[in-house]
Amino acid sequence: MLAMIGGLAMAFVLLAADASRADGYTFDSGDILRVSVIGEASYPLDVVVDDRGSISLPLLGDVQARGLTTVALSQAIQRAFQQQKLILEPFVKVEIGQYRPFFISGTVAHPGSYPFQPGITVRHALAIAGGFRATTVGNMEPALQIADLRSTRANLAIEEYRLKVRLARLEAETRQDKSFVAPPDPPVEFAGHLIADIVASEQAQLDARLAAYRDDVSYLEASLDRARQEAKMIAASRNEREKTANLQLEELKSARSLREKGLITNSNVMTAERAHTSYRAELAQTELQQEQVRQAILNSESELRKKHQSYEMELIAQTQDTQVELGKTQSQIRYVADKLLFIFTYGEQRTFDDLQGSVKISIFRREQKIAHDVVADENTEVRAGDVIEVSIVANKGFYAPDALTTGQ
């Protein structure tokens, strides 16, 4: 019983620690956030923090998220709604949908990106990535491995450049620009025509997608304009019919007064009553048409908003997917580079025992807009977005921060 109580107490402590970390967690590129705004049909929705540190929200556009906590970002969105006079007293809630991943590369079994969880250390990250894998693949000769790895690296470099060009195209499409600037310094593995083909393909996609989007928007806007023009015409017609009906009503009242005085017959009054009934029916029909057109305007405006929002969400999703693919590709490039370096350095050395104590761990970390390298050991805490580099060095003894001089 005491052991059970102790276990429950420890669980509560861990949950409280995770909640505390989440409250103090600051957002950066790659985080997926869930934004809820009570009473707005476009919410809740999941958004990704882009490379600029911003999120794109319906009605508001871009909102800066980098460096903010959930509470601070909620308040920033509330202020934006109030400043733009969209919602006077908005209730906004921001939650962490998914932390930006951390990346691990180098001499590990499964390099790549992995979901981040508060509290994990380098030891946990290495375990998630399958542990150290310093041995080369199979029983190939080093010379053959080097040739194979160089080919793999060239293909990965081409894929990396292609993804960078796609990101440039997506950013241009987000801005509704008709063209984009291709990333400079393409890989040396590229032939000139290959660069031109990649850029031309993305430019063709940009042209086609912008044209299709603008055609759809133009059609919806034209439909909205037609409905508004029709509403004006019906309103003018209704005013004329109301004037005519009022004049005819005065004539009917006059006819009834003359009949009471015996100056005209009942047939004259009945004729005036039939005319008045006809005018009132026409006026009612006009009012019905006016209501139908008003509803058509509301529907067209709703369709136009949905078109803008769906297009923006599609771009956000494509950008996020491309960023993830680019991160994976860059991690694979580093992994291949580490393997090449290892083969050059160690040649036929293949067993884990031979490499024991020769592991170097460093972390490339970005905090706000500042990036720096962190010398790490097994117990260093990992943060979201960290890039953990695991490599083999010539020194013996597990790499620790105070062993930097020895390793060199």
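With mature numbering (1 follows the signal peptide of the UniProt record, and there is no 0) as the guide, the letters of the sequence shown map in order to residues -22 to -1, 1 to 386.
For each residue, glycine too, the CB sits at the ideal point set by N, CA and C.
So which of the options has the shortest CA-CA distance to residue i?
| i | options | result |
| --- | --- | --- |
| T358 | T255, S340, Q62 and L261 | S340 |
| Q296 | V26, E208 and R12 | V26 |
| V302 | T152, E138, I16 and A186 | E138 |
| G45 | S7, K71 and I55 | S7 |
| S201 | Y3, L282 and L134 | L282 |
| S256 | R219, Q42 and V352 | R219 |
| L35 | K338, S20, D29 and T48 | S20 |
| E260 | A107, Q42, N224 and E356 | N224 |
| T130 | V314, K210 and A43 | V314 |
| S157 | Q181, S91 and P165 | Q181 |
| D193 | F5, G90 and Y289 | Y289 |
| I74 | P89, Q95 and S83 | Q95 |
| A50 | P89, Y3 and S83 | Y3 |
Exposed or buried, what is residue i when buried is set at 16 or more other beta-carbons lying within 10 Å of its beta-carbon?
| i | result |
| --- | --- |
| I348 | exposed |
| A205 | buried |
| P93 | exposed |
| Q263 | exposed |
| K221 | exposed |
| K306 | buried |
| A87 | exposed |
| D9 | buried |
| L198 | buried |
| A43 | buried |
| R343 | buried |
| S245 | exposed |
| A174 | exposed |
Do residue j and residue i have their beta-carbon atoms positioned less than 9 Å apart in this structure?
| i | j | result |
| --- | --- | --- |
| E67 | Q76 | no |
| residue 387 | S14 | There is no way to answer for residue 387, as the model of the chain reaches only from -22 to 386. |
| A103 | V360 | yes |
| S369 | T85 | yes |
| L38 | Q53 | no |
| Q287 | I212 | no |
| G97 | I65 | no |
Would you report the Cα separation of residue i and residue j, rounded to the nearest angstrom?
| i | j | result |
| --- | --- | --- |
| I136 | D163 | 12 Å |
| R140 | T99 | 33 Å |
| A253 | S280 | 41 Å |
| I124 | E345 | 36 Å |
| D24 | R272 | 33 Å |
| D316 | L127 | 10 Å |
| N277 | L188 | 24 Å |
| K231 | R216 | 22 Å |
| A58 | K285 | 23 Å |
| F81 | E208 | 58 Å |
| A186 | T152 | 14 Å |
| A(-6) | D364 | Low confidence applies here, because A(-6) scores a pLDDT of 42, under 50, leaving its location unreliable and the question unanswered by this model. |
| F320 | A190 | 50 Å |
| L11 | V72 | 7 Å |
| A178 | V195 | 25 Å |
| A362 | D351 | 15 Å |
| I294 | A214 | 45 Å |
| R78 | N133 | 26 Å |
| R312 | G109 | 17 Å |
| R237 | L227 | 15 Å |
| T243 | D203 | 51 Å |
| T48 | E149 | 26 Å |
| E265 | K210 | 12 Å |
| R30 | S91 | 20 Å |
For residue i, I'd like the list of residues in its chain whose CB is within less than 7 Å of its CB, leaving aside the five on either flank, ordered along the chain.
| i | result |
| --- | --- |
| E229 | A250 |
| A274 | A205 |
| Q183 | R147 |
| R234 | V247 |
| G240 | none |
| A160 | V143, A146 and V177 |
| D28 | S7 and T297 |
| R258 | A223 |
| T300 | L141, R144, L145 and L148 |
| residue 387 | With the chain running from -22 to 386 in the structure shown, residue 387 is simply not present. |
Report all residues from its chain with a CB closer than 8 Å to the CB of residue i; omit the five preceding and five following residues, and keep chain order.
| i | result |
| --- | --- |
| L304 | E138, L141, K142 and L145 |
| A354 | V100, I339, S340, I341, I366 and P379 |
| L172 | I136 |
| M291 | L23 |
Excluding the five sequence neighbours on either side, which residues of its own chain have a C-beta within less than 6 Å of the C-beta of residue i, listed in chain order?
| i | result |
| --- | --- |
| E326 | Confidence at E326 is low in this model, with a pLDDT of 45, below 50, so its placement is unreliable and the value that follows should be read with caution. Result list for E326: empty, nothing under 6 Å. |
| V70 | V15, S52, I55 and Q56 |
| L318 | L127 |
| D40 | S32 and S34 |
| Q154 | none |
| E356 | V100 and R101 |
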